[in-house]
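In my numbering, the protein residues as written are 276 to 604. Idealized CB from N, CA, C, for every residue including glycine.
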Amino acid sequence: MRRFLLQFFFSLAMSGLLSPAAHTASAPQTLQRVSVLGHDYVRASSWAAQTGLRARWIAPDQELELTNGRFTLRLIHDSRRVRWNGVWVWISAPVVMRDHEALLPSLDLGSTFAPLLAAKKTSSPVRVICLDPGHGGDDTGKREGSRFEKQYTLLLAQEVSRLLVKSGYKVVMTRSTDKRVELNDRPLIARRANADLFISLHFNAADVPSAQGIEVYCLTPVGASSTNAGGEGADSPAAPGNRCDERNVQLAYALQETLVQKLGREDRGMRRARFAVLRGATMPSALIEAAFMSHATECRCVYSSVERSRLAQAIVQGIVGYKKCIGAR
């Protein structure tokens, strides 16, 4: 039924029976927008022409590829997931396709695709990294048997810190022992240390034992619902972290891409969330869900010191990838 409605409203829009939506800052003024089920969309072909991307149908009205040789974007009908250079990225609303035309959510042109397509370069250094080991103290995080998430986020943070310091970075930790640190205090610690990046480290768990893979989150842009919010929260106000929206996306994507490529584990996609630590961060930030403690084999990535070391190396490589993306020293 949902797919039928999307197609129905898409047909109305293409016929001119739905008026273009009011201009928003997230979409270029030269692109006409249409409203589909409460979301503003633009024609993928128009955006591709504007940005120098070539379009090619993989499957008519089901899958479209946009590429310029360096970047490739794969769009799938009725899906909120797109592939950017082979990595899954969650967007604000489903892609809509019909009659050899595809529509993209206009919000994502500015908040997701533009930062990945043409990162603005900076002369500012990236030297101070704040690592945030999730949970601590009486906040144990996920629990599997006698093992608590808080133990392993701290061990991972310590290993990432060791590698970063060895590479010449200064590292600040929101906690270095098993103590509770309030969520709002964590980005405040980063701010007081003049950190250039804030990276929160977590491990996942699910009721479905087969769930596995890597997720990296960045702050949800204003006007969108978070990836796991079921369409709710789009009216949430701006947070301090939204000042870094462009860099947040670039950091989260660099981490997601590197972790998936280096570790060879399932790609669950770069996602959006309004976690308190991301809302309060006034520097580029990301939250990593590095592995599922509840998965029979992937849990070794959590509990094994050898596997945590591999994970830590990939996180550091992701930070280096982010620096290259933005041209930072």
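Using the DSSP secondary-structure output, state which residues sit across from residue i in a beta bridge.
i	result
residue 314	311
residue 364	357 and 545
residue 332	339
residue 510	None; residue 510 has no bridge partner.
residue 348	341 and 359
residue 411	414
residue 582	According to DSSP, which records beta bridges pairwise, residue 582 is partnered with nothing at all.
residue 419	422
Taking buried to mean at least 16 other C-beta atoms within 10 Å of its own C-beta, is residue i buried or exposed?
i	result
residue 564	buried
residue 398	exposed
residue 424	buried
residue 428	buried
residue 366	buried
residue 375	exposed
residue 334	exposed
residue 421	exposed
residue 503	exposed
residue 523	buried
residue 325	exposed
residue 380	buried
residue 571	exposed
residue 305	exposed
residue 601	buried
residue 290	Reliability of the predicted coordinates at residue 290 is poor, the pLDDT of 41 falling under 50, and the value obtained from them is presented with this limitation in mind. The residue in question, residue 290, is exposed, as its Cβ has fewer than 16 Cβ neighbours within 10 Å.
residue 483	exposed
residue 544	buried
residue 418	exposed
In terms of residue numbering, what span does the alpha helix (DSSP H) encompassing residue i cover?
i	result
residue 460	460-467
residue 436	424-441
residue 520	520-538
residue 390	389-392
residue 554	551-555
residue 575	575-578
residue 603	That residue, residue 603, is in no alpha helix (DSSP H); it is neither H nor E in DSSP.
residue 326	319-326
Within a Cβ cutoff of 7 Å, which residues of the same chain sit near residue i, ignoring the five residues on either side of it in sequence?
i	result
residue 434	583, 584 and 587
residue 598	401
residue 580	none
residue 436	406, 446 and 448
residue 603	397, 399, 400 and 401
residue 511	549
residue 589	533, 534, 537 and 538
residue 258	Nothing can be reported for residue 258: it is not among the residues displayed for the chain, which extend from 276 to 604.
residue 280	For residue 280, the pLDDT reaches just 44, beneath the cut-off of 50, and the residue's location in the model is therefore unreliable, although a value from the coordinates is still provided. Cβ within range, chain order: 312.
residue 509	498, 499 and 500
Tell me where the beta strand (DSSP E) around residue i begins and ends.
i	result
residue 445	445-448
residue 380	376-380
residue 566	560-567
residue 405	403-408
residue 370	From DSSP, residue 370 is part of no beta strand (DSSP E); its letter is neither H nor E.
In chain order, what residues of the same chain have a beta carbon less than 8 Å from the beta carbon of residue i, not counting five sequence neighbours either side?
i	result
residue 469	403
residue 552	407, 458, 461, 462, 473, 475, 560 and 562
residue 453	411, 412, 425, 426 and 429
residue 540	487, 488, 489, 534, 566, 573 and 576
residue 513	497
Can you find the residues in the same chain that come closer than 6 Å, C-beta to C-beta, to residue i, ignoring five residues on each side of it along the sequence?
i	result
residue 340	331, 333 and 349
residue 566	478, 573, 576 and 577
residue 596	529 and 533
residue 323	330 and 341
residue 358	349
Next item on the list: Mind listing, in chain order, the continuous beta strand (DSSP E) runs of no fewer than 3 residues lying wholly within the segment 463-508?
Entry: Here the runs fully enclosed are 472-479 and 489-494.
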